[in-house]
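Participant: If you count the sequence shown from 1, position 1 lands on 1 in the UniProt record's numbering, and the numbers rise without skipping.
Glycine residues also receive a C-beta, built at the ideal position from the N, C-alpha and C atoms.
Small disclaimer: the values here were computed from a predicted structure and weren't measured.
Have a look at the structure that comes next, please.
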Amino acid sequence: NDDLTPVSRWYKPYLEREAVCQVLQSADYGAFILRNSTTHSDCYALSVKVPKFTHDSNIAHYLIERIVQNDTPSYRIKGTIKQFPTLLSLLTHHSVMPEILPITLNLNEILSI
Numbered sequence: 001n002d003d004l005t006p007v008s009r010w011y012k013p014y015l016e017r018e019a020v021c022q023v024l025q026s027a028d029y030g031a032f033i034l035r036n037s038t039t040h041s042d043c044y045a046l047s048v049k050v051p052k053f054t055h056d057s058n059i060a061h062y063l064i065e066r067i068v069q070n071d072t073p074s075y076r077i078k079g080t081i082k083q084f085p086t087l088l089s090l091l092t093h094h095s096v097m098p099e100i101l102p103i104t105l106n107l108n109e110i111l112s113i
């Protein structure tokens, strides 16, 4: 999937949810990891380090759905209407506008895993 190449530095496809949480605990707010959803095929999980007051565990998880219409894929966070042509455009948008996220994504925080 060519859409994954531009987001490869945040994409850890097979990292378990527990491992993701461990890595993000020591990261800055807004740091995130994108991985394959283990419960929904053809979806991605977005895990974000957020301030304690917004979420019990400091880590919030969102499902990114891949929607294909007329052979053209697009992406959206489950529960939202806005669709994006690529994963990178979705992540970039949410680094400026939090929308339903409690915090904007920090594109500069690269986690060494």
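Over the uninterrupted beta strand (DSSP E) stretch that includes His61, give me the two end residues.
Facilitator: Within the sequence shown, numbered from 1, the residue matching residue 61 stands at position 61. Counting along the chain, the beta strand (DSSP E) containing His61 begins and ends at Ile59 to Gln69.
Participant: For the region 95-108 against the region 14-22, do three or more pairs of beta-carbon atoms, one drawn from each stretch, fall closer than 8 Å, so that the two count as touching?
Facilitator: They do not touch, by the three-pair rule.
Participant: Determine, using beta carbons only, whether Val7 and Leu87 come nearer to each other than 9 Å.
Facilitator: Taking the sequence shown and counting its residues from 1, the one referred to as residue 7 is at position 7. Taking the sequence shown and counting its residues from 1, the one referred to as residue 87 is at position 87. Yes, they are a contact pair.
Participant: Tell me, which residues are paired with Ala19 by DSSP?
Facilitator: Within the sequence shown, residue 19 is the residue found at index 19, counting from 1. DSSP output for Ala19 lists no bridge partner at all.
Participant: Ala27 to Cys43, Cα distance in whole Å?
Facilitator: On the sequence shown, residue 27 is found 27 positions in, with the first residue counted as 1. On the sequence shown, residue 43 is found 43 positions in, with the first residue counted as 1. Whole-angstrom Cα-Cα distance: 24 Å.
Participant: On the DSSP bridge list, what partners appear for Phe84?
Facilitator: Sequence index remark: in the sequence shown, residue 84 carries index 84 (1-based). Answer is Tyr75.
Participant: Measure the Cβ-Cβ separation of Leu63 and Trp10 and say whether it is below 9 Å.
Facilitator: By 1-based counting over the sequence shown, the position of residue 63 is 63. By 1-based counting over the sequence shown, the position of residue 10 is 10. The answer is no: Cβ separation not under 9 Å.
Participant: Hey, how far is the Cα of Ser57 from the Cα of Lys49?
Facilitator: Reading the sequence shown from its first residue, position 57 is the one you call residue 57. Reading the sequence shown from its first residue, position 49 is the one you call residue 49. Cα to Cα, Ser57 sits roughly 9 Å from Lys49.
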